[in-house]
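Trainee:
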Amino acid sequence: MTDYEKKEDHVLDHIANAVLKLEDELTKLDALEEDDAKKHEIKKWYAEKKALHEIKRILHEAGKYDKYEEKELEQLDKYLDKLN
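For this note's numbering, add 134 to where a residue sits in the sequence shown, where the first one is 1.
Here you go:
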């Protein structure tokens, strides 16, 4: 196995882990019985955005994605704080 293949496997492992975290978080949110359905949907949306941000970061570090913005997640957090 060449260094490139090892690096590719490493990146794919990180992406798979990010997707697994997302699935776990969405499963937990589905199991919750919240009174406010909108709040529940926002939490799901945020979990998805967080996972996508992590995948973009991984791909950026591997040199496969140029549009990564490091501050994107921080901006989402500020936006959600305004909503609360």
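Backbone N, C-alpha and C fix where the C-beta goes; we use that ideal spot for every residue, glycine too.
#1: Spell out a yes or no on whether the region 199 to 218 and the region 157 to 165 are touching, meaning 3 or more CB-CB pairs, one atom from each, closer than 8 Å.
#2: Among Asp137, Leu214 and Glu139, which residue has its Cα nearest to the Cα of lysine 177?
#3: Measure the C-alpha to C-alpha separation of aspartate 137 and histidine 144 and round it to an integer number of angstroms.
#4: Determine whether the beta carbon atoms of histidine 174 and leucine 166 lie at a separation below 8 Å.
#5: Helix, strand or coil, according to DSSP, for leucine 156 in the structure here?
#6: Would you mind sorting alanine 150 into buried or exposed? The rule is 16 or more other CB atoms within 10 Å of its CB.
#7: Since leucine 207 and alanine 181 are thought to touch, with beta carbons under 8 Å apart, how far apart are those beta carbons, to the nearest angstrom?
#8: Please say whether glutamate 203 and alanine 152 have beta carbons closer to each other than 8 Å?
Mentor: Here's the rundown:
#1: no
#2: If you number the sequence shown from 1, residue 177 lands on position 43. Per the Cα distances, Leu214.
#3: One-based indexing of the sequence shown puts residue 137 at position 3. One-based indexing of the sequence shown puts residue 144 at position 10. Taking the straight line joining both Cα atoms gives about 10 Å.
#4: Taking the sequence shown and counting its residues from 1, one reaches residue 174 at position 40. Taking the sequence shown and counting its residues from 1, one reaches residue 166 at position 32. Yes, these two residues count as a Cβ contact at 8 Å.
#5: By one-based count along the sequence shown, residue 156 stands at place 22. DSSP places leucine 156 in helix when its eight states are reduced to three.
#6: Taking the first residue of the sequence shown as position 1, residue 150 is located at position 16. The residue in question, alanine 150, is exposed, as its Cβ has fewer than 16 Cβ neighbours within 10 Å.
#7: On the sequence shown, residue 207 is found 73 positions in, with the first residue counted as 1. On the sequence shown, residue 181 is found 47 positions in, with the first residue counted as 1. In fact, because the Cβ distance is near 12 Å, the residues do not count as touching under 8 Å.
#8: By 1-based counting over the sequence shown, the position of residue 152 is 18. By 1-based counting over the sequence shown, the position of residue 203 is 69. Their beta carbons are not under 8 Å apart, which means alanine 152 does not touch glutamate 203 by this criterion.
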